[in-house]
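>
2 protein chains.
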Amino acid sequence: MFKEDMANIAKKVSWSSRGDDRGERAPLLNGAEDGKHSNRQFSGGGMFHVGSRSTVDLEEEITPEEDIVKSRLKEIPHNEKLLSLKYEGFRCLEIRRWVICGLIGFLTGLIACLIDIAVEELAGYKYSAVKQNIEKFTEFGGLSISLILWAALNSAFVMVGAIAVAFFEPIAAGSGIPQIKCYLNGVKIPCVVRLKTLAIKVFGVICSVAGGLAVGKEGPMIHSGAVVAAGVSQGRSTSLKKDFKIFEYFRRDTEKRDFVSAGAAAGVSAAFGAPVGGVLFSLEEGASFWNQMLTWRIFFASMISTFTLNFFLSIYHGKPGELSSPGLINFGRFDSDTVQYNLYEIPLFIIMGALGGMLGALFNVINYWLTIFRIRYIHRPCLQVMEAMLVAAVTATVAFAMIYFSNDCQPLGQDSTEEYPLQLFCADGEYNSMATAFFNTPERSVRSLFHNPPGSYNPLTLGVFTLVYFVLAVWTYGLTVSAGVFIPSLLIGAAWGRLFGILLSTITSSQSIWADPGKYALIGAAAQLGGIVRMTLSLTVIMVEATGNVTYGFPIMLVLMTAKIVGDYFIEGLYDIHIKLQSVPFLHWDAPPTSHWLTAREVMSSPVTCFNRVERVGRIVDVLSNTSTNHNGFPVVAHTTENEEPGKICGLILRSQLIVLLKHKVFVERASSRLSQRRLQLKDFRDAYPRFPPIQSIHVSQDERECMMDLNEFMNPTPYTVPQETSLPRVFKLFRALGLRHLVVVDDENRVVGLVTRKDLARYHLGKDGLEELQLAQT
Amino acid sequence: MFKEDMANIAKKVSWSSRGDDRGERAPLLNGAEDGKHSNRQFSGGGMFHVGSRSTVDLEEEITPEEDIVKSRLKEIPHNEKLLSLKYEGFRCLEIRRWVICGLIGFLTGLIACLIDIAVEELAGYKYSAVKQNIEKFTEFGGLSISLILWAALNSAFVMVGAIAVAFFEPIAAGSGIPQIKCYLNGVKIPCVVRLKTLAIKVFGVICSVAGGLAVGKEGPMIHSGAVVAAGVSQGRSTSLKKDFKIFEYFRRDTEKRDFVSAGAAAGVSAAFGAPVGGVLFSLEEGASFWNQMLTWRIFFASMISTFTLNFFLSIYHGKPGELSSPGLINFGRFDSDTVQYNLYEIPLFIIMGALGGMLGALFNVINYWLTIFRIRYIHRPCLQVMEAMLVAAVTATVAFAMIYFSNDCQPLGQDSTEEYPLQLFCADGEYNSMATAFFNTPERSVRSLFHNPPGSYNPLTLGVFTLVYFVLAVWTYGLTVSAGVFIPSLLIGAAWGRLFGILLSTITSSQSIWADPGKYALIGAAAQLGGIVRMTLSLTVIMVEATGNVTYGFPIMLVLMTAKIVGDYFIEGLYDIHIKLQSVPFLHWDAPPTSHWLTAREVMSSPVTCFNRVERVGRIVDVLSNTSTNHNGFPVVAHTTENEEPGKICGLILRSQLIVLLKHKVFVERASSRLSQRRLQLKDFRDAYPRFPPIQSIHVSQDERECMMDLNEFMNPTPYTVPQETSLPRVFKLFRALGLRHLVVVDDENRVVGLVTRKDLARYHLGKDGLEELQLAQT
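Protein sequence lines, in the order shown, are assigned to chains A and B.
All residue numbers for the first sequence refer to the UniProt record's numbering, where the first residue is 1 and numbers rise by one.
All residue numbers for the second sequence refer to the UniProt record's numbering, where the first residue is 1 and numbers rise by one.
#1: Could you name the residues that DSSP lists as bridge partners for A/Ile-649?
#2: For A/Thr-480, which residues in the same chain have their Cβ closer than 8 Å to its Cβ, ignoring the five residues on either side in sequence?
#3: Could you check which residue in B/Tyr-764, B/Val-753, B/Arg-741 has the C-alpha nearest to that of B/Lys-188?
#4: Using 8 Å as the cut-off, can you tell me whether the stretch 213-225 of chain B makes contact with the stretch 249-267 of chain B, which would need three or more C-beta pairs spanning the two stretches below that distance?
#5: With contact counted as at least three CB pairs below 8 Å, one residue from each stretch, are the stretch 701-712 of chain A and the stretch 608-624 of chain A in contact?
#6: Please work out which residues of its chain come closer than 7 Å, Cβ to Cβ, to B/Pro-275, disregarding the five sequence neighbours upstream and downstream, and give them in chain order.
#7: Helix, strand or coil: which one does DSSP assign to B/His-742?
#8: Going by alpha carbons, who is nearest to A/Leu-283 out of A/Ile-502, A/Phe-272, A/Ala-271, A/Phe-259?
#9: Leaving out five residues before and five after B/Phe-137 in sequence, what residues of the same chain have Cβ atoms less than 8 Å from its Cβ?
#10: Alpha carbons only, please: which of A/Glu-120, A/Asn-712, A/Leu-294 is nearest the one belonging to A/Ala-638?
#11: At the 9 Å Cβ level, is A/Phe-554 part of the contact set with chain B, yes or no?
#12: Taking Cβ positions only, does B/Ile-542 come closer than 9 Å to chain A?
#13: For my contact list, A/Cys-610 and A/Pro-585 are in at a C-beta cut-off of 8 Å; report their separation, rounded to the angstrom.
#14: In angstroms, rounded to a whole number, what distance separates the CA positions of B/Gly-754 and B/Thr-721?
#15: Between the C-alpha atoms of B/Ala-118 and B/Gly-484, what's the straight-line distance to the nearest angstrom?
#16: Which residue marks the beginning of the beta strand (DSSP E) containing A/Tyr-404, and which one marks its end?
#17: For A/Leu-153, which of A/Asn-452, A/Ala-210, A/Ile-579, A/Ile-565 has the nearest alpha-carbon?
#18: Given that B/Met-293 touches chain A, what residues does it touch there, using C-beta distances under 9 Å?
#19: Tell me the residue span of the beta strand (DSSP E) that contains A/Leu-755.
#20: In chain B, which residues lie with their C-beta within 9 Å of the C-beta of A/Asp-748?
#21: Going by the beta-carbon positions, is the gap between A/Ala-151 and A/Thr-397 smaller than 9 Å?
#22: Does the CB of B/Ile-62 have a neighbour CB from chain A at under 9 Å?
#23: So is A/Val-199 in contact with chain B if we call contact Cβ pairs under 9 Å?
#24: 9 Å is my cut-off, CB to CB: does A/Tyr-457 come that close to chain B?
#25: Would you mind telling me which residues of chain A sit closer than 8 Å to B/Met-557, beta carbon to beta carbon, in chain order?
#26: Do we get a CB-CB distance below 9 Å when we pair B/Trp-296 with the residues of chain A?
#27: Buried or exposed: where does A/Arg-91 fall if 16 or more other Cβ atoms within 10 Å of its Cβ makes it buried?
#28: Give me the chain A residues within the contact set of B/Gly-357, using Cβ-Cβ distance strictly less than 7 Å, ordered along the chain.
#29: Quick check on A/Phe-611: does DSSP put it in helix, strand or coil?
#30: What does the alpha-carbon distance come out to for the pair B/Gln-582 and B/Arg-758?
#31: So, at 7 Å on beta carbons, what are the nonlocal neighbours of B/Asp-760 in its own chain, with the 5 sequence-adjacent residues on each side left out?
#32: Can you grab the Cα-Cα spacing for the pair A/Gly-497 / A/Leu-472, in whole Å?
#33: I want to see whether chain B comes within less than 9 Å of A/Leu-738, judged by CB atoms only; does it?
#34: Just the C-alpha distance for B/Ile-148 and B/Gly-141, rounded to the nearest angstrom, thanks.
#35: For a contact defined as C-beta to C-beta under 7 Å, what are the partners of B/Pro-275 on chain A?
#36: According to the neighbour-count rule (16 or more other Cβ atoms, all chains shown, within 10 Å of its Cβ), is A/His-699 buried or exposed?
Quick look at the structure:
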């Protein structure tokens, strides 16, 4: 079902409109690839192409600097300051890493604080205005004016946010979690960790939440944290053209990625007040190699982030120093004394989990079709803005209609948590119960559903609300606005969960046992969220931390497990769907279980473009300019005369290294004159990172083309290699465990016969009929 | 300081007296090793030897079965049932894994429950008896009789426990955490996961806790969980000679190790009511390659374990179904309303962390010398039992003396949590405050220190108690009894932490701010424990989960961090000290930072014993029998005529595989007759696991020695290899990330030039003066 669609729509898919102007998105379909594919026996064999090297291959096979340091040291050990990186140096680096993590946590916490306060203020202003207006017109009639006011306010907010996103930084749309998942997995998406993206993201999320869309502000926090981390750890902003000249050591992919993990964790931590959950989120999505110190630093960033947020919010709320309030979303305190469940409730929880799995799958299927529709027909920015405004207006209208036609009046208690109780047509001292759900930020609605005493809600109200909000949330996710799906999912789940609880107590008619529909609301929320996003361990911990109580840990885990199993039966998780629609070479945890029969020979790309140890500049320029061989790494071989037998492998050199070498004209012929010049230093590689100039921007004269370049000094002399017979799972394990981006395949004479890249591995996945080759995009 | 000692004492060290009777503990010192060492330029170069293959090399380089399946398939695809392991098969395996994890959790919970109830009952009986006796003699004088009764009861309990451990299973001594750390790291210690060990461990811990030693029952739970996991996952007990014929697929090292991780997590989870902490403990100690599904299963086991424990304990306590009570240790509920700290308290927490680090280091140093003393002089079982009894008697005497000479009387409140309030010489309605600390199980004492209202303790009482208990705890850890160090550490820390809080409030004389000394007790407990064991992330989470409150997460993290940094300055953590004293090849997280200059050529063992693809049986038997080449893996090469140029690598075969092949006499000459016989199946390898017969037990006749064995079918055809120039950190990363146990080093012609094993890597560590070569034991 999905395969054909993906093949069809893939051409139109692009996460970013920016990729194109880099001149690197050339089609890859060359003879070599063709020949390889036709060798395969899979029915689905065929087109797999990844946009360009700018969209793939984040991770380093090895920190190249170290190897440069090493191979150069043999000649000039006294010349490079960094070569003498002794134990003290490492200690110092370690301390800097901690400082950076602290900064990441602090800044992420501040951003969360900013978002929270801005949303609070704007939403407060909006709801007060609308409330006053409604109250005014309830008496005199003419509520349609209130409706128009509400819809107009919503649309205005959303319009501003959508314009910012659609016209200035399309990558800032959505929750950003799929993008961060890809980044942590090793797929580089252009612009995803730029400062500009952060600004648009923050601004956009404030607008869309204040605009009353069925969205949350939690997902974007994860993206924000990641951007903060990428910026802070590099000690400069390329967007602002400002280089603080600090943290230069960390200007490389592996280090940056580690910090981005910490940033994502800090984001989760700030969003849900869940530092441990944040760490687990980062690990679940990003880590392949567990490192104690790294994890500990990530945890530190998370803790600082929650702490900062709490501290500033406590000042904002006028209770400075009261540090026990959790993150952006506050599930409210489940009191330890009433938190209780019984053994015989567990089957009920499992049923709710299955229900959540099914509803989540339904959500995902509808959203999938909607996304394809959007990719096909709504790809112009102005259309996108209009759709977002339409959704905002419809949301307001539907909410208004629901409130208007509902006659579910509830007494206004003393201890009511309602911020904006709407009386409307209710008697004095009562309020409209439907309005608590709609006339409120979604976070507050979730809290009300969890904690309002039994009897606060009419079953019919909840049923209708679930249905309407489900449709709105499906429609909203994927709009060109910055917004998360966590809170709407929780809200839908909490609504039907509470309904479930109420129905249960009606059926059994024993109020005492099923006394607390709030418990069922919590379980329902977990089930629905689990059914949509399919996160497991981290989500359990996030829910536990957000409720501040470990007692419900076991039921929540059971529910999330059931929801995942049931949901996976129908369709993948929401984020995975969106990742798949982008056709990026995303590597999952393990190789497909039945892929033992495939060997490296069958998956590798071949023939490979290799360089000689001392290579002619002209050939290097030609190879780098040739768009059909846009690999990132090139094996260096002992002797290769083209079109003949492959040479023995001596090393591996990266495209980025070659470009820096070309830029600095490190040619053999100039070696003598170069001695007087400044020697090429590590710093030159770092300064070029991460935006290495394209090969076209480097001018090489005809004379220089005839020069020779000695790659021995700069290549990685010991790249990882595998023999041709290695099975796919072993190759896969090497990639995952070591974070490789290319692996040289050699024959038993150590001659290069092929190269395995991420995309060669990402192609295989397990379908219903066994191993399938994925139909991925040709961009 | 420590280096010389280790070299000196190492000969006497053995975790198990059992290793010797396996006939495998031959010295490794052969010419090859010598030659290699003399090449090195390190001052400390010299003796590194690991006992035998039975103490090392747990992990598989690859699941060998898969490769056997694969290489054999080419010939006989229809003959092996397991070959057709299709997608359904994998699904089924996955379900079985979940079932096993559920079982592990359940059984671990049950064991925890058993220990808890047994200790509760025995201690209850003991304290009632002594209390009655004391009350009787307080009036008439002659309290020395009470003292004798108390000391005798303690000694009796401890004697029984110590006899069980010392005479029947010495590996069951101590907390078992160092052993489990080693196991998860990949070092196999004999008997560590046997059923008998579990029985002795459980029995021993009940005796030692009931015997009033300064020990906890939490550490042993981790070991118990691990044993349960190892047993359940294999579906048989070799000790009981009972094979349930289930879970046969999991009879291999990698799978077993994964389950043992789950078991350890379940143990932590049951001990502290901390399922997430358990998962993190397992990951921190064991995991090198993070796998989402595995982690999720570990979490499942942990959750089930806590759930089971809670469920059964709730029945025992007469409140069936009340599932919100935590694990074995109950820190009591920190009420959300009073849980609070302020920004300006953070420096105080950091000071406490530093104090904890120093006290922890002191603890470790003393315990280190004591352990060396014990290894030298107290190695006969009966001496060990006598020492344990002595400690028990001294503990009782000291406690009695403290109580007797203390005149710290406190009023007996209505809501007192004291189980056995001792009136002694206090006025009616009052109780002796020193007795709350001593006349109680340590868990209860910790809880009292955390929660008793301000003013419950006299500062002098706390000071003296800290001092005395510190000495007792140092003396106790390392006795030949099953016992953990967590609770005594917490108790010491809680005592001085509370003292710190009281002093603070005295100095500032503003009761309102520093109102809660319980908070400082908690922080002190964390600092002390962190200073001793130096765990980081997992300990933070365990403390947070055990207190049931996330608010103190940030201070606890800060404190643990400070304690670790300060403590590491002086000496390693307690578990690491004990691991180091055993001279096992324990691999840390990273290669030492300054080891870039070392290459594979410098660390590898060379020359390597290789086999031909078709090898003479006689040579195989000779090589396997030769105690000087007791490697576990042998490269298979294309052509090797001994003493000549090394051959090209074709594969790798394990000692265990060769032994099974020899046992079944899979010789080329018998191939024709073998067709009529049953073919060698995967099952044969599994059945032999994990206790492969020693080579001596296999009889090979003189005729058979001249037969040939075709290794092609059974070897791993694509072992991981590295070139000679690979740097140590890269080799290290391969070992950690892929869980290797040997790595073949090849030259650029793919000829075998050496073999790197775990012990080659474990040898290097970073000392104060840069890279050092570790002095490890010759056993």
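Heads up, the beta-carbon is just placed ideally off N, CA and C, and yes, glycines get one too.
Taking the geometry as given:
#1: A/Val-637
#2: Ala-162, Val-165, Ala-166, Pro-170, Ala-173, Pro-381, Gln-384, Val-385, Glu-387, Ala-388
#3: B/Arg-741
#4: yes
#5: yes
#6: Ser-269, Phe-299, Ser-302, Met-303, Thr-306
#7: strand
#8: A/Phe-259
#9: Leu-143, Ile-145, Ser-146
#10: A/Asn-712
#11: yes
#12: no
#13: At roughly 23 Å, the Cβ-Cβ gap does not stay under 8 Å, so A/Cys-610 and A/Pro-585 are not in contact.
#14: 10 Å
#15: 17 Å
#16: Not the beta strand (DSSP E): A/Tyr-404 falls in the alpha helix (DSSP H), residues 381-405.
#17: A/Ala-210
#18: Thr-536, Trp-589, Asp-590
#19: 752-757
#20: Ala-638, Lys-648, Ile-649, Cys-650, Asn-750
#21: yes
#22: Note that B/Ile-62 scores a pLDDT of 35, beneath 50, so its modelled location is shaky and nothing firm can be said.
#23: The question names Val, but residue 199 of chain A is Ala in the sequence shown. Not one chain B Cβ lies under 9 Å of A/Ala-199.
#24: no
#25: Phe-299, Phe-300, Met-303
#26: yes
#27: exposed
#28: Here the premise fails: no neighbours, minimum Cβ distance about 16 Å.
#29: strand
#30: 15 Å
#31: Val-603, Met-604, Ser-605
#32: 18 Å
#33: yes
#34: 14 Å
#35: Gly-553
#36: exposed
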